[in-house]
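S.K.: Have a look at this one.
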RNA sequence: GCGCCCGUAGCUCAGCGGAUCAGAGCAUCUGACUACGGAUCAGAAGGCCAGGGGUUCGAAUCCCUUCGGGCGCGCCA
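The following block contains the structure:
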């Protein structure tokens, strides 16, 4: 989707014949939007043309300006530096944009770029041998947002939580349980006690490495379907899964399928056979590996020397199963960047098996959580449980409400929306790839560029709309009455949000949406504090209410795409 | 050791197919009208864009290199 104003400009620029080699697509790409709107609303940098035309950029821009016929959408052209700058016809722009927006509401932004293409999205995927910590938050949040964004833009998205419910970690847990645990002990506070066992295991294993061998042995027996061990495993995983469900509910995150690694146990044997029959895997040091030296990668281990399966084995099985079952045209893995190499190996292996689509598998990577004093390591017990963060955020939000709006109804419910909004938004306030330093203050902030700031702006608008006491349907907006620069700049942000959506979807980067919403809210708040809305001439009031309503539509939409709820009061 | 990622204001981060690119927010300091929600707004202060080379008329942005931090490199996931 291209900006319609760029298309108009490109056509007119081409028509001048000043730049013979220029084609419309290229011209559209070259057109930019200056940050400073005093310089213009659109600009064409002419520097690149100077080499082929052997003229200085300033002159090229001037020639273009002189030969261009400007359509009614624009009011002015100026040459500044080597740039040809275009100014929108503000009145027309405001009227066109808002009229269409008010009529279509959020559908104004519903650009169908997906064509109902199936995207399989794997996200969250926590290892359930330990509690849900803040480090699981990123994959969960980013994945959830991508799910909503891609769905909104016309993709058929299938969301899968590939729960880590199989593997040697359960061997470890069972070994620890048999040594130091008891059925009673686990009935009281199973989550906490299981985690203590997990931590204790790794601590003891430092001085007693044979424990790890024992754990592997137990896992091997699990894979051989030892009934007693499977019973224990079921117990542990049920305890954790129930607990995780609570967290997902609190976060308001859903999946189409929650299919753990254990689901693929029955498919593991056939993937091994396939790898062997195609001569892709070979035995090395007793284990089965896929040699990837030809691609400058270390080998991928697909079967342990004791014949039990690995993460990679199950992932390969899952990948083939999903391709068959869901016929996706794209699969996205929202997993931390520490697994970058692993996914390259995994996808290359798929290719080696003769599946061209291995090339289209994508790892959506993101940076890790850190503490001030080092990495988060669940093995040493050094984790921040998400539940604690949520509880703390709820308390803070409630406290803030009691200070600012003590008469509010349903305080607890609103507090929760604000708290979760703040936590989630903090995940979107920088690009995925950045590592995150865990900071309580940063995560629980409610002012500045935060989720609650957006929620607050929306609440303010809703309050206005209530006071206006006229149904939105009955509005008769003369948008040409909106003549101030603040109004124009706001409408520009509303218009740009379309482009932002597409960018966020194509780069799998929810950050862009978060930033776009912040820009909109800033512009709105500026407008709100600089101009009266209700107590002005009726025609202006009505147009301003219309503008406010349009802003509300986007804030509402944008927040929902990020998985954040928008309370009507706070 | 090799590979990948990151390094921009005191802090958290944008900007990186070169120009219109020195920007936000937080923290600090000043201000804000009966006008509708001050979880807001306006302003001040704060940066050799980690250092050094190069390419270019022009580099935070591209290339090389050094330094700092993170991650990964076979029986974990």
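Residue numbers (the numbering used here): 656 to 1225.
Cβ coordinates follow ideal geometry from the N, Cα and C atoms, glycine included.
What residues in its chain sit with their C-beta under 6 Å from that of residue 984, if we drop five residues either side in the sequence?
M.R.: Around residue 984: 772 and 773.
S.K.: Determine the burial state of residue 1112: buried for a count of at least 16 other Cβ atoms within 10 Å of its Cβ, exposed for fewer.
M.R.: Residue 1112 is buried by the Cβ-count criterion.
S.K.: Are the CB atoms of residue 1226 and residue 792 nearer to each other than 9 Å?
M.R.: With the chain running from 656 to 1225 in the structure shown, residue 1226 is simply not present.
S.K.: Strictly by DSSP, which residues pair up with residue 1171?
M.R.: Residue 1171 is not bridged to any residue.
S.K.: Which two residues bound the contiguous beta strand (DSSP E) that contains residue 936?
M.R.: Residue 936 -> beta strand (DSSP E) spans 936 to 939.
S.K.: Report all residues from its chain with a CB closer than 7 Å to the CB of residue 1205; omit the five preceding and five following residues, and keep chain order.
M.R.: Correct list, in chain order: 753, 756, 757 and 1149.
S.K.: Let me know the secondary structure DSSP gives residue 910 once reduced to three states.
M.R.: Looking at residue 910 - three-state DSSP - the assignment turns out to be coil, as it is neither helix nor strand.
S.K.: Which residues in the same chain as residue 672 place their Cβ atom closer than 7 Å to its Cβ, once the five residues preceding and following it in sequence are excluded?
M.R.: Nothing meets the Cβ criterion.
S.K.: Distance, Cα to Cα, residue 956 vs residue 700?
M.R.: Answer to the nearest angstrom: the Cα atoms are 52 Å apart.
S.K.: Does the count of Cβ pairs from the segment 824 to 844 and the segment 854 to 871 closer than 8 Å reach three?
M.R.: As far as the Cβ criterion goes, the segment 824 to 844 touches the segment 854 to 871, which means the pair count is three or higher.
S.K.: Output needed for residue 1212: all residues of its chain with C-beta closer than 7 Å, excluding positions within five of it in sequence on either side, in chain order.
M.R.: Contacts found: 761 and 764.
S.K.: Following the continuous alpha helix (DSSP H) through residue 673, name the residue where it begins and the one where it ends.
M.R.: From DSSP, residue 673 is part of no alpha helix (DSSP H); its letter is neither H nor E.
S.K.: Could you work out which residue in 789, 1199 and 1075 is closest to residue 1094 when comparing CA atoms only?
M.R.: Among 789, 1199 and 1075, the Cα nearest to that of residue 1094 is on 789.
S.K.: Give the straight-line distance between the Cα atoms of residue 970 and residue 841, rounded to the nearest whole angstrom.
M.R.: About 31 Å.
S.K.: Report all residues from its chain with a CB closer than 6 Å to the CB of residue 1155; omit the five preceding and five following residues, and keep chain order.
M.R.: Here the set comprises 1167 and 1171.
S.K.: Determine contact between the segment 1016 to 1023 and the segment 805 to 824, defined as no fewer than three beta-carbon pairs at a distance below 8 Å.
M.R.: The answer is no - the segment 805 to 824 does not touch the segment 1016 to 1023, with fewer than three Cβ pairs under 8 Å.
S.K.: Taking residue 748 and residue 1044 to be in contact with their CB atoms under 8 Å, please state how far apart those CB atoms are, rounded to whole angstroms.
M.R.: At roughly 44 Å, the Cβ-Cβ gap does not stay under 8 Å, so residue 748 and residue 1044 are not in contact.
S.K.: Secondary structure at residue 862, three-state DSSP: helix, strand or coil?
M.R.: Residue state, collapsed to three classes: helix.
S.K.: Look at the Cβ atom of residue 1221, then the Cβ atom of residue 1084, and state whether they are nearer than 9 Å.
M.R.: No, these two residues do not count as a Cβ contact at 9 Å.
S.K.: Return helix, strand or coil for residue 1101, following the three-state DSSP convention.
M.R.: Note: residue 1101 maps to coil in three-state DSSP.
S.K.: Could you pull the DSSP bridge partners for residue 832 from this structure?
M.R.: Bridge partners of residue 832: none, in fact.
S.K.: Please tell me whether residue 743 and residue 730 are closer than 9 Å, where the distance is taken between their beta carbons.
M.R.: Taking 9 Å as the Cβ cut-off, residue 743 and residue 730 qualify as a contacting pair.
S.K.: Along the chain, which unbroken stretches of the beta strand (DSSP E) at least 3 residues long are found entirely within the segment 997 to 1025?
M.R.: For the segment 997 to 1025, whole beta strand (DSSP E) runs of length 3 or above, ordered along the chain, are 1016 to 1019.
S.K.: Exposed or buried, residue 1103, counting other C-beta atoms within 10 Å across all chains shown (16 or more means buried)?
M.R.: When all chains shown are included, residue 1103 counts as exposed.
S.K.: Please classify residue 838 as buried or exposed, where buried requires at least 16 other C-beta atoms within 10 Å of its C-beta.
M.R.: Exposed, since its Cβ has fewer than 16 Cβ neighbours within 10 Å.
S.K.: Between 889, 1133 and 1052, which has its C-alpha nearest residue 1070's C-alpha?
M.R.: If we check each option's Cα against that of residue 1070, 1052 comes out closest.
S.K.: Just list the alpha helix (DSSP H) runs in the segment 691 to 757, keeping only unbroken ones of 4 residues or longer that don't cross its boundaries, in chain order.
M.R.: With a minimum length of 4 residues, the continuous alpha helix (DSSP H) runs that stay inside the segment 691 to 757 are 704 to 708 and 712 to 722.
S.K.: Are residue 975 and residue 922 touching if we call contact CB-CB under 9 Å?
M.R.: Cβ atoms of residue 975 and residue 922: closer than 9 Å.
S.K.: Please report the residue range of the alpha helix (DSSP H) in which residue 981 lies.
M.R.: Here the alpha helix (DSSP H) through residue 981 covers 966 to 981.
S.K.: Write down the C-beta distance between residue 1073 and residue 1224 rounded to the nearest angstrom, noting that I regard them as a contact closer than 8 Å.
M.R.: With a Cβ gap of about 11 Å, residue 1073 and residue 1224 do not count as contacting.
S.K.: To the nearest angstrom, how far is the alpha carbon of residue 925 from that of residue 961?
M.R.: When rounded, the distance between both Cα atoms is 18 Å.
S.K.: Mind checking whether residue 713 and residue 737 have CB atoms under 9 Å apart?
M.R.: Against a cut-off of 9 Å, the Cβ pair of residue 737 and residue 713 comes out as a contact.
S.K.: Residue 910: buried (16+ other C-beta within 10 angstroms of its C-beta) or exposed?
M.R.: When all chains shown are included, residue 910 counts as buried.
S.K.: What's the C-alpha gap between residue 818 and residue 778?
M.R.: Straight-line Cα distance between these residues: approximately 9 Å.
S.K.: Quick check on the DSSP output: the beta strand (DSSP E) that includes residue 813 runs from which residue to which?
M.R.: Residue 813 -> beta strand (DSSP E) spans 811 to 816.
S.K.: What is the DSSP secondary structure of residue 1060, counted as helix, strand or coil?
M.R.: Coil at residue 1060, not helix or strand.
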